[in-house]
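Numbering (this note's numbering), first residue to last: 5 to 300.
Here you go:
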């Protein structure tokens, strides 16, 4: 847009915009940098020389500053702190015949840091609320980035625990029959404690898939058999490991039961599994070969 089309905001709105900048400077005195042009224009706008301000705004209707926003998690065991660079543009001009009744929104752009993917950065930027003032926007970004750090730490913890427990593997267990609700629930309940993911399909037959550290899976199954199944006679604890394979990454985000969501139940007690549906479900997840190895 032609610079001559820009007009300086009314004095009260200029004062509000300067107030936002000053508050930001007070909160982050060591984290904000200006380029020389923006600092000079801000100094002019602070003066009461209306003529100079008009000329300055016509040439540069918005001043730019950079905020290196500290992002931290207060964790005693493993504190994580990062910096997120924000490009901030504070408008002091408007175009058109009539001045606005409210100050124009401050523009905030998130620069991609080395600890956040391009997709995550774009998502964060897209979620910034448009109706917030500058401080509200910065607080939103800080909280969202802190949540991202929390997820990073969670993944690091899982990866470390998995590494300590041996190579990442996927193990398949076969049950001639598994139906007791409390026993099924325990598979789901205790899996997170061992950093395990996968699924349980109950019925006749039953199928359990577990992803995680090799030793963690062994410890998990030992716990299930001795604690969860402690009241079951030994000859009824029928479960066999059918297949164990190394895997580069997990397919499942958590441990869940899929009994009522995959296929149809058959039999007098509706406890006969739909093996064809299970096979198709596994194929969709790139695990079709496992069906043959485990159930055929």
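Ideal placement from N, C-alpha and C gives every residue a C-beta, glycine not left out.
Inset, instruction - Determine the contact status of residue 94 and residue 21, defining contact as a CB-CB distance below 8 Å. - result: Against a cut-off of 8 Å, the Cβ pair of residue 21 and residue 94 comes out as a contact.
Inset, instruction - Assign residue 31 to one of two classes, buried (16 or more other C-beta atoms within 10 Å of its C-beta) or exposed (fewer than that). - result: Residue 31 counts as exposed, since fewer than 16 other beta carbons sit within 10 angstroms of its beta carbon.
Inset, instruction - State the Cα-Cα distance for the pair residue 75 and residue 149, rounded to the nearest angstrom. - result: Rounded to whole angstroms, residue 75 and residue 149 show a C-alpha spacing of 7 Å.
Inset, instruction - Can you tell me the Cβ-Cβ gap for residue 182 and residue 259, rounded? I've got them flagged as a contact below 8 Å. - result: Taking C-beta atoms under 8 Å as the contact rule, residue 182 and residue 259 fail to qualify, at a distance of about 15 Å.
Legend entry - Which of helix, strand or coil DSSP assigns to residue 292: Taken through DSSP and simplified to helix, strand or coil, residue 292 comes out as helix.
Legend entry - Exposure label - residue 105; buried when at least 16 CB within 10 Å: Exposed, since its Cβ has fewer than 16 Cβ neighbours within 10 Å.
Legend entry - residue 65 burial status per 10 Å Cβ neighbour count (16 or more: buried): Result: buried.
Inset, instruction - Could you spell out where the beta strand (DSSP E) holding residue 75 opens and where it closes? - result: Counted as a single uninterrupted DSSP element, the beta strand (DSSP E) harbouring residue 75 occupies residues 66-77.
Inset, instruction - Give the C-beta separation of residue 297 and residue 246 to the nearest angstrom, bearing in mind that I take them to be a contact with Cβ-Cβ under 8 Å. - result: 7 Å between Cβ atoms; contact.
Inset, instruction - Determine the closest residue to residue 61 out of 69, 48, 73, 72, with distance taken between C-alpha atoms. - result: Distance check between residue 61 and each of 69, 48, 73, 72 places 48 closest, using alpha-carbon atoms only.
Legend entry - residue 28 versus 185, 221, 71, residue with shortest Cα-Cα distance: Out of 185, 221, 71, the CA that lies nearest to the CA of residue 28 is found in 71.
Legend entry - Rounded straight-line distance, which links the Cα of residue 254 to that of residue 232: Roughly 26 Å separates the two Cα atoms.
Inset, instruction - Could you round the C-beta distance between residue 211 and residue 282 to whole angstroms and report it? I think they count as a contact, below 8 Å. - result: About 7 Å; that satisfies the 8 Å criterion.
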